[in-house]
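S.K.: The following block contains the structure, expressed as C-alpha cells.
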Amino acid sequence: LSPQFREKLQDVLPSLPSQDDYFLLKWLRARCFDLPKAEAMLRKVIRKYMSGGLCGYDREGSPVRYEIIGPLDGKGLLFSASKQDLIKNKFRDCELLRLACEQQSEKLGKKIEMVMMVYDCEGLGLKHLWKPAVDTYGEILSMFEENYPESLKRLFIVKAPKLFPVAYNLVKHFLSEDTRKKVVVLGSNWKEVLQKYIDPAQIPVEYGGTLTDPDGDPKCSSKINYGGDVPQHYYVRDQLAQKYEHSVVVNRGSSQQVEYEILFP
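Heads up: the sequence shown begins at 1 in UniProt numbering, then just goes up one per residue.
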C-alpha cells in the first residue's frame, strides 16, 4: 500500500470501518491505483454516511452546527465501525467547533465560546431507537457534557415527529439540567424562529434562509452531510451484544406481568 495514500487520509481514518492495508487497498484498486481519485472516492463515502456539519454563524457570531437525524443509519454505522470509532468522530466534530469559536473570537475581536445547534428530526423513527445506537448516542452526549462545559448556546429541534418525546426521554438523563433548559422544540413556524437568531444569509435555503453552495445546492451539502443507509458490504459484523437493565426468565407454563408507561398513543 502506498504510504502517501495513508498519509493523505490521516484526518478520516478514525471514521473508517477498518484502517488496515487490505481495506484501503480496495479503494486504490477501484480507481486503478490513481491516488487522487481513490482519495476522493473514499472521502465521498464518509461524507455520505456521517451526517451533520458546521454551516454559518448566528447573529452574535457563534458557529451553527446542523445535525440531520432522519437519514442517519445507526445500525449500519455500528455494524461497520466500533462504538469508540463513532465517539472519536464526534470528538473531532466538537474540536472543530471549538476551533471555529477561536477563529470567530479572533475575527470579531470578542470572545465566542458557545455554539448553536439545529437538530433536523424529520424522519426520526423506530430504527433510531435501536438500543445499541441509543447507548452510543448517550455516551456521546456524556462526552460533550464532561469535556465541553458551557459550550452550548441553544439547541433547536425542528420538524419533530410524534415519536420525538419518546426518543428524547431515552437520552435526556445524559444531559445536565442547565443543558436541558437550552433545548427548544420549535413548531410549524421554525423557519421564522431560526431567522430571529440567525441572519437568513447564514441559513441554508433548505432551512428557510438564502445560503447555497457555490453550485446553487440549497442544502449546502459541501458543509452539511445528509447521511444515508450504509451498504452491507461495509459491515464488519452482523450483530452486537446488547445489555439490558433488567432481564427475567419466564418458565414454561408461567407468566410475568410487566407495567410500562405509554408516552404516546
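Ideal Cβ placement from N, Cα and C applies to all residues, glycine included.
Every value quoted in this text rests on a predicted model; they were computed, and no experiment measured them.
What did DSSP end up calling I224 once you bin it into helix, strand or coil?
M.R.: I224 falls in the coil class under three-state DSSP.
S.K.: For the beta strand (DSSP E) containing D120, name the first residue and the last one.
M.R.: V115 to D120
S.K.: Taking 8 angstroms as the cut-off, decide whether the C-beta atoms of residue 289 and V185 are in contact.
M.R.: The structure shown does not extend to residue 289, since the chain spans only 1 to 265, so no value can be given for it.
S.K.: Taking H173 as the reference, give the member of D135, M114 and T210 with the closest Cα.
M.R.: D135
S.K.: The beta strand (DSSP E) with V183 in it runs from where to where?
M.R.: V183 to V185
S.K.: What whole-angstrom Cβ distance do L124 and L163 have, given they're in contact under 8 angstroms?
M.R.: 6 angstroms
S.K.: Which residue comes first and which comes last in the beta strand (DSSP E) that contains Y57?
M.R.: G53 to Y57
S.K.: Tell whether a beta-carbon distance below 8 angstroms holds between C101 and I69.
M.R.: no
S.K.: Just the Cα atoms here: how many angstroms apart are S62 and S142?
M.R.: 22 angstroms
S.K.: With respect to the beta strand (DSSP E) encompassing F156, which residues constitute its N-terminal and C-terminal limits?
M.R.: Element bounds for F156: L152 to V158.
S.K.: Identify the continuous beta strand (DSSP E) that holds Y66 and give its terminal residues.
M.R.: P63 to I68
S.K.: Quick one: Cα of E206 to Cα of E146, how far?
M.R.: 33 angstroms
S.K.: My assumption, with CB atoms under 8 angstroms, is that M116 sits in contact with D58. Please give the rounded CB distance.
M.R.: 5 angstroms
S.K.: If you follow the alpha helix (DSSP H) that A81 is in, where does it begin and where does it stop?
M.R.: Counting along the chain, A81 falls outside any alpha helix (DSSP H), and DSSP gives it neither H nor E.
S.K.: When the distance is taken between beta carbons, is P36 closer than 8 angstroms to Y226?
M.R.: no
S.K.: Is P265 helix, strand or coil when you go by DSSP?
M.R.: Residue placement at P265 is poorly supported in this model, since its pLDDT is 48, which falls under 50; the coordinates are not used for a value here.
S.K.: So M114 and K159 are supposed to be a Cβ contact under 8 angstroms. How far apart are they, rounded?
M.R.: Not a contact, Cβ separation roughly 24 angstroms.
S.K.: DSSP three-state label for L163, please.
M.R.: It is coil, neither helix nor strand.
S.K.: Do you know offhand how far residue 280's Cα is from E67's?
M.R.: Summary: the structure shown does not reach residue 280, with the chain confined to residues 1 through 265, and so no result is reported for it.
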